[in-house]
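Remarks on the structure that follows.
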Amino acid sequence: MTIISRSRWFGCRIWRLLTIRTFLILTFTCIVFEITIGLPIYKRKTQVMINYFFQFIRKIYFDLIQKDGIRVGNPRVFDDQKVKHRILLEWEDTFPFNGILADNRNSDAYTVEEVRDLLKTAKSLNLEVIPLVPTFGHLEWILKVERFRQYRQNDMFPQVICLADNDGVSIVLEAIRQVAQFHQPFGIKYFHIGADEAFQFGECLKDRQWLKANKDEEKDSLAAMHLAKVSNYVKTLIPNVRVLAWHDMIKSFESKLIDQYRLDQLLEIVVWDYSETLQQQNDFTWHSLAAKFPIVWGSSAYKGANEPSSEFSDLKHYFRNNKAWVTHRNIYGSLFRTFRGLIITGWQRYDHFAVLCELLPVGLPSAILNLLVAKAGDKFSTESIISAASTALNCTSKISMEYMNSFDSCNFPGVELFNAIRSLRDYIKVIKNEVFESNQMKGWLSRFNIRHGYTQLWYLMELESSIEMYTQEMLNMVCYFSELYRQLNNFGGFRNFDIRRRMHYAS
0 MTIISRSRWF GCRIWRLLTI RTFLILTFTC IVFEITIGLP IYKRKTQVMI NYFFQFIRKI
60 YFDLIQKDGI RVGNPRVFDD QKVKHRILLE WEDTFPFNGI LADNRNSDAY TVEEVRDLLK
120 TAKSLNLEVI PLVPTFGHLE WILKVERFRQ YRQNDMFPQV ICLADNDGVS IVLEAIRQVA
180 QFHQPFGIKY FHIGADEAFQ FGECLKDRQW LKANKDEEKD SLAAMHLAKV SNYVKTLIPN
240 VRVLAWHDMI KSFESKLIDQ YRLDQLLEIV VWDYSETLQQ QNDFTWHSLA AKFPIVWGSS
300 AYKGANEPSS EFSDLKHYFR NNKAWVTHRN IYGSLFRTFR GLIITGWQRY DHFAVLCELL
360 PVGLPSAILN LLVAKAGDKF STESIISAAS TALNCTSKIS MEYMNSFDSC NFPGVELFNA
420 IRSLRDYIKV IKNEVFESNQ MKGWLSRFNI RHGYTQLWYL MELESSIEMY TQEMLNMVCY
480 FSELYRQLNN FGGFRNFDIR RRMHYAS
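When we follow our numbering, the leftmost residue of the sequence shown carries the number 0, and every step to the right adds one.
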């Protein structure tokens, strides 16, 4: 009985330590993500990192395209006289919306002055800005608000708006109007209407009524009608503008439907594929798309497109993805009248409700590498790209895609956070192996042992000492992250975030 009671007490003590240890890891993840809100990669205080990135792009003659932080692209292998410089800004709730959309504006949204300053900065660097407003899928930022809940396709999923509901669609058009009005003084040649990942449509009452009235059982006609309506609205607002849209919801449209709604004249299609081999694209898909649309863009990734909660960018994965895009462009580009460009995306999160992933300081080396891949084109050389990236990142020695510690000699904006997240990631792996995968844990502190209060104290004592050691190390890392956050806070005027208080509440 004594052994059992002592085991129960000892087990509870260790599990309390483990709970604290686990929360420390979760807290660090939360800290990293919350810091992102204040970093110059997400919403506020953008100038230092954005300027650095823009200046670099300007130097190496690239199209730059930005989303939520940054998205970059190179149309093809240009000579210096033909190159265009562009940046795409995708706006959701961080835009300073007003009027009917005022309640959808994030409490940390850009101010009017900040947006104007960002656009002025881009213009001063001769970067052409392309606005993007989601108009089909990814409308969570609108449909999550109770006031607009009635316009969802399905009440369970605030992703897609009821396409045949004119009142609902008018809200999307209003978002376009406000963004276009703000951007127009700086010039708009392209406008992106999103239109990807609309996982359900044709389900709401008015959509079903529309399909019945049109005696058409195919939902694609409803989607085509909506895209044509949105595109025509954009063209009415902005004379001579070219409208871009993602390809995934459009690729299955029959030719007669595209002709009926003149989508081939209204839209330039952007094909996105973030896999290492472009597994969704093949000879058939390219020929099929070329038969329907004369102008196409490609879209690769340099971060935020591998796993939804990744802390660190997989350099090899994105390197292979961009290399594959260069190959596909060389093989299939001639099928189209114009292969306009390659948009190298840097997603901040998978959708509006997901956590942030692969922050810009973590993804910046990948961005530089893959810009150089796209720039090299047919003259691709891994060695020369690594060398050029090392120089661009201010490294005193050559970097490696295999060894992250090769970036220790680099000095780029956000490098402190880059190294801190890398160290944290590696240390968490050690803790998982040394504690949760240890024989002591699996053999004497399993769910069976905890349930029955039955274990061998000798092994728990060994485990306790390891946990206490790692807990102290994690507390030391908290102090380091706190100091790093303080420096960032002083730089950007970010909101206060008391790390230790959060730890206390959770433990």
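For every residue, glycine included, the Cβ atom is placed at its ideal position computed from N, Cα and C.
List the residues that DSSP assigns as beta-bridge partners of Lys-302.
-> Gly-345
Cβ-Cβ distance between Ser-299 and Ile-343 below 7 Å = Yes.
Secondary structure of Arg-85, DSSP reduced to three states | strand
Which whole runs of the alpha helix (DSSP H) in the segment 364-404 are 4 residues long or more, in chain order?
-> 381-391
Quick check: the segment 118-135 against the segment 186-199, are there 3 or more CB pairs under 8 Å?
-> yes
By how many angstroms is the C-alpha of Val-325 removed from the C-alpha of Asn-369?
-> 11 Å
8 Å contact criterion, which Val-229 and Thr-134 should meet: CB distance rounded = 5 Å
Please specify which runs of the beta strand (DSSP E), each continuous and at least 3 residues long, are wholly inside the segment 264-333, giving them in chain order.
-> The qualifying runs are 266-271, 294-302.
Separation of Met-155 from Asn-481, as counted between CA atoms = The sequence given here has Ser at residue 481, not Asn. Taking the straight line from one Cα to the other gives about 39 Å.
Taking the alpha helix (DSSP H) that Trp-90 falls in, what are its first and last residues?
-> That residue, Trp-90, is in no alpha helix (DSSP H); it is neither H nor E in DSSP.
Helix, strand or coil: which one does DSSP assign to Val-240?
-> coil
Quick one: what does DSSP say Pro-95 is sitting in, helix, strand or coil?
-> coil
State yes or no: is the beta carbon of Gly-340 nearer than 7 Å to at least one beta carbon in chain D?
-> In the displayed structure, chain D is absent; only one protein chain is listed.
Proximity of Leu-221 and Gly-201 at Cβ, strictly below 7 Å = By the CB criterion at 7 Å, Leu-221 and Gly-201 fall inside the cutoff.
Gln-486 versus Gly-376: straight-line alpha-carbon distance, rounded | 40 Å
Does the ligand HEM have a heavy atom nearer than 6 Å to the CB of Ser-422?
-> This structure lacks the ligand HEM; in fact it carries no ligand of any kind.
What are the boundary residues of the alpha helix (DSSP H) that Tyr-426 is part of?
-> 414-430
Continuous alpha helix (DSSP H) assignments of at least 4 residues falling wholly in the segment 100-155 | 111-123, 139-142
Through-space distance from Leu-243 to Gln-347, alpha-carbon basis | 21 Å
Just the C-alpha distance for Asn-103 and Asp-166, rounded to the nearest angstrom, thanks.
-> The alpha-carbon separation between Asn-103 and Asp-166 amounts to approximately 16 Å.
Is there contact between the segment 289-298 and the segment 252-267, where contact requires at least three CB pairs shorter than 8 Å?
-> The segment 289-298 vs the segment 252-267: in contact.
For Phe-181, the first and last residue of its enclosing alpha helix (DSSP H) = Residues 165-182.
Please report how far the alpha carbon of Gln-177 lies from the alpha carbon of Leu-124, in whole angstroms.
-> Going from the Cα of Gln-177 to the Cα of Leu-124 covers about 24 Å.
Residue from Asp-425, Phe-335, Thr-390, Ile-384 whose Cα sits closest to the Cα of Met-403 = Asp-425
Using three-state DSSP, classify Gln-208 as helix, strand or coil.
-> Helix at Gln-208.
Thr-276 and Ala-323 closer than 7 Å at C-beta = yes
Terminal residues of the continuous beta strand (DSSP E) containing Phe-252?
-> Careful: Phe-252 lies outside any beta strand (DSSP E) and carries neither H nor E.
For His-225, does the three-state DSSP call read helix, strand or coil?
-> helix
Looking at the unbroken alpha helix (DSSP H) that takes in Phe-190, where does it start and where does it end?
-> Careful: Phe-190 lies outside any alpha helix (DSSP H), inside the beta strand (DSSP E) at 189-191.
Is Gln-158 helix, strand or coil when you go by DSSP?
-> strand
Between the CA atoms of Glu-89 and Ser-254 - distance to the nearest angstrom | Looking at the two C-alpha atoms, the distance is approximately 29 Å.
Taking Cβ to Cβ, would you say Leu-371 is nearer than 7 Å to Ala-387?
-> Cβ atoms of Leu-371 and Ala-387: closer than 7 Å.
Spatial neighbours of Ser-308 within its chain, please: CB distance less than 7 Å, with the 5 preceding and 5 following residues excluded, ordered by chain position.
-> Short of 7 Å from the beta carbon of Ser-308, and not among the five residues preceding or following it, lie these beta carbons of its own chain, in chain order: Val-354, Cys-356.
Sub-7 Å separation of Ala-419 and Leu-483 beta-carbons = yes
In chain order, what residues of the same chain lie with their CB nearer than 7 Å to the CB of Tyr-232, ignoring the 5 residues before and after it?
-> Leu-172, Ile-175
Local conformation of Arg-261 per DSSP, three classes = coil
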